[in-house]
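To keep things clear, I will list the structure first and then write my remarks on it.
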Amino acid sequence: MKNEFIIKVFLLLLIFLSNNDIAQTWEKLNPIFYEKDTILDYAAGNFITKNVGWISTFGHLVSGGFRSILLETKDGGLSWKLIWELKKSISVDKSRGLYKENSSGDGVITTFKLDTNYIWFMGSGVNGGLLFSKNMGLTWDTSSVTHENEYTAGGSFGALHFFNSNMGLAFNNYRWFTKDGGYTWERWMDTATVL
């Protein structure tokens, strides 16, 4: 039920985005997803061109468990392929490097596109897991919003914004600032309301 609604809304957006003459004509899309790679309970999508885009989706599987995936299209949404799966939350420990925590998942709820090269997807969990590309999705990198090698305080993240390829903000109950494109973050000492 919920999936069907999300899919219908997303397809409507794809129809709008696939239009070359600013809504003068409409084209119905019938996207093709691989059998298990489909839109789950929640989704966030972003396109960098009229043909290239991604959907980050997460939710519970019919068979049980949790899944968080990133799907990519290069044909305007007609077909999609799996390019990333987050089976566990992303976190960073400077002494051990990048690793994945033993949790059930960190569903991506927000996305931000700066231009055709730079795109970020941020997880909803308290560690603010990030998946981002700086080259139109050719390669992807991960990071998380941490404070002195520990998880962020202040609840789940709800908003993300970048001003250029390096400077950005993330919000939970605090404001977080990055100067290096999302690799490291600094917590501002005042509190903020989750958007």
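Counting in this note's numbering, the sequence shown runs from 185 upward without gaps.
By construction, the Cβ of each residue, glycine as well, lies at the ideal position given by its N, Cα and C atoms.
In whole angstroms, what separates the C-alpha of K318 from that of Y358?
In a straight line, the C-alpha of K318 is about 26 Å away from that of Y358.
Expressed to the nearest angstrom, what Euclidean distance is found between the alpha-carbon atoms of L298 and F347?
Distance from the CA atom of L298 to the CA atom of F347, rounded to whole angstroms, is 8 Å.
Mark L322 as exposed unless 16 or more other C-beta atoms lie within 10 angstroms of its C-beta, in which case mark it buried.
Around the CB of L322, fewer than 16 other CB atoms lie within 10 Å, so the residue is classed as exposed.
Which residues does DSSP list as the beta-bridge partners of W238?
Answer is N230 and E256.
Output needed for T362: all residues of its chain with C-beta closer than 6 Å, excluding positions within five of it in sequence on either side, in chain order.
Contacts found: G352 and W369.
Can you give me the C-alpha to C-alpha distance between R371 and V329, rounded to a whole angstrom?
Roughly 9 Å separates the two Cα atoms.
Local Cβ density within 10 Å of G366, reported as buried at 16 or more and exposed below that
Counting other Cβ atoms within 10 Å of its Cβ, G366 reaches 16 or more and is therefore classed as buried.
For N301, which residues from the same chain have a beta carbon less than 7 Å from its beta carbon, with the 5 sequence-adjacent residues on both sides left out?
The beta carbon of N301 is closer than 7 Å to those of K318, N319 and M320 in its chain, skipping five residues each way along the sequence.
What separation, rounded to the nearest whole angstrom, lies between the Cα atoms of F316 and E211?
About 30 Å.
Taking 8 Å as the cut-off, decide whether the C-beta atoms of I253 and W264 are in contact.
Not closer than 8 Å, so no.
Comparing C-alpha positions only, which one of D364, F341, N356 and A343 sits nearest to N350?
Distances from the CA of N350 to each of D364, F341, N356 and A343 were compared; the closest alpha carbon is that of D364.
What would DSSP say about K212, mapped onto helix, strand or coil?
In this structure, K212 counts as coil in the three-state DSSP scheme.
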